[in-house]
Amino acid sequence: MKNNHVVPRKLLIASLAGVALLGAAPVAVAAGTAQGVLAVSADVTASCSVGASSNISLSNLSFAADGAGQGAVSITCTMGTSYNVGLDQGGATGATVTTRKLTIDDQSGATLAYSLTTDQPGQTNWGNTVGTDTVPGTGNGAAQSIPVYMQIRAADLQTAVVGHYSDTVNVTVTY
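Take the position in the sequence shown, starting the count at 1, then add 5; the result is the number in this note's numbering.
Right, here's the structure in full:
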């Protein structure tokens, strides 16, 4: 019997190649892996800053009574940082941290003695010697307001020239 289904040879090879391609599943090529380490660190250093202060202004003073007022300094230090806040003598000639002087604005050179203290009754002088007359604290990462009290004795007011007096005191934070 004669086979009527003769397939030409070129067609047979091409068909077999197509079947081989269609039936072949994609082969995953394994990629290599490697591992290592990445060191990560951070150093937090102690730091402090002096923020906006609440100034002290006394008005309508007379010779009959002591003048008193309150302000504040704002200190921000890194969490857990121990610090001391000091106030210098101010800008008047001859002033000290125990006897500060306001200077009259009219350029006459008149001064008026005053004190800055850490307590309202005015007993504890606020100076700038760490461990002696500064205010200690510990930072919490947020601004901390520390009150400053000002006193002018009536005896000093009795000899004061009428006018506006002022001074600038530097705040130092030691940490």
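Glycine is no exception: its CB is placed at the ideal position from the N, C-alpha and C atoms.
Tell me L77's beta-bridge partners as DSSP assigns them.
Here residue 77 turns out to be Ala, not Leu, going by the sequence shown. S59 and P152.
From what residue to what residue does the beta strand (DSSP E) around A118 run?
T116 to T122
At the level of alpha carbons, what is the spacing between D111 and A165?
Take the alpha-carbon of D111 and the one of A165: they are about 13 Å apart.
Contact check, G107 vs V174 under 8 Å by CB: the rounded distance?
Note on identity: in this sequence residue 107 is Leu, with Gly being the wrong assignment. With a Cβ gap of about 11 Å, L107 and V174 do not count as contacting.
If you draw a straight line from the C-alpha of V34 to the C-alpha of Q40, how long is it?
20 Å
For S171, collect the residues of the same chain with a Cβ closer than 8 Å to its Cβ; drop the 5 residues on either side in sequence, then sort them by chain order.
L107, T108 and D110
Since Y180 contacts A51 with CB under 8 Å, what's their CB separation in whole angstroms?
6 Å
State the start and end residues of the unbroken beta strand (DSSP E) segment that holds L107.
R105 to I109
Helix or strand or just coil, what does DSSP make of L162?
For L162, the secondary structure class from DSSP, reduced to helix, strand or coil, is helix.
Which residues mark the beginning and the end of the beta strand (DSSP E) in which V42 is found?
Unbroken run through V42: none, as it is neither H nor E.
Judging by CA-CA distance, which residue of D161, H169 and T177 is the nearest neighbour of A70?
D161
May I ask you to report which of helix, strand or coil DSSP gives V174?
coil
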